[in-house]
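Structure first, commentary second.
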Amino acid sequence: MNLLDFVIAPAHAAAGAPAGPSLLSTLAFPVILILIMYFLMIRPQMKRTKEHRAMLEKLAVGDEVITNGGIAGVVRAIGDSFLTLEIAERVEIRVQKGAVGNVLPKGTLKSA
Numbered sequence: 071m072n073l074l075d076f077v078i079a080p081a082h083a084a085a086g087a088p089a090g091p092s093l094l095s096t097l098a099f100p101v102i103l104i105l106i107m108y109f110l111m112i113r114p115q116m117k118r119t120k121e122h123r124a125m126l127e128k129l130a131v132g133d134e135v136i137t138n139g140g141i142a143g144v145v146r147a148i149g150d151s152f153l154t155l156e157i158a159e160r161v162e163i164r165v166q167k168g169a170v171g172n173v174l175p176k177g178t179l180k181s182a
């Protein structure tokens, strides 16, 4: 016995070599994996993005909102990409529209 036989198995010629996996079974796993990733990750994220975009389009002056950073205020002016929030009496800040996380029901800030 040679020392290489322990590291590398000796090749034995067989009369009928076993057939490899078919092309269909080889491609089935990646395709199924991509479909699972689409339905569990990509599609729900696209749905959330679409809902957020619709919420931003419906914003109006006087709406009570909370930003992603946790700042709550009332919308006083709306621009193309920015809006002005009144966070206290006569205290206004400008934030990006995309930073708005939720629109609160009317009267939420006054009751708090």
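Quick note, the sequence shown lines up with residues 71 to 182 if you use my numbering.
Don't be surprised by glycine CBs; every beta carbon is placed ideally from N, CA and C.
Model, not experiment: these values are computed from the prediction.
Check whether the segment 131-146 touches the segment 162-173, taking contact to mean three or more Cβ pairs, one atom from each stretch, closer than 8 Å.
Yes, the segment 131-146 is in contact with the segment 162-173.
With DSSP run on the structure shown, which of helix, strand or coil describes L129?
Looking up residue 129 in the sequence shown gives position 59. In this structure, L129 counts as coil in the three-state DSSP scheme.
Count the other CB atoms, across all protein chains shown, that sit within 10 Å of the CB of T178; report buried if there are 16 or more and exposed otherwise.
Here residue 178 refers to the residue found at position 108 of the sequence shown. Label assigned to T178: exposed.
Decide if V161 is buried, meaning its Cβ has at least 16 other Cβ atoms within 10 Å, or exposed.
By 1-based counting over the sequence shown, the position of residue 161 is 91. It counts as exposed.
Let's test the definition: count the other Cβ atoms within 10 Å of the Cβ of L153 and tell me whether it reaches 16, buried, or not, exposed.
Start at 1 with the first residue of the sequence shown, and residue 153 comes out as number 83. Its Cβ being crowded by 16 or more others within 10 Å, L153 is buried.
Quick one: what does DSSP say G171 is sitting in, helix, strand or coil?
Your numbering for residue 171 matches position 101 in the sequence shown. Strand, per DSSP.
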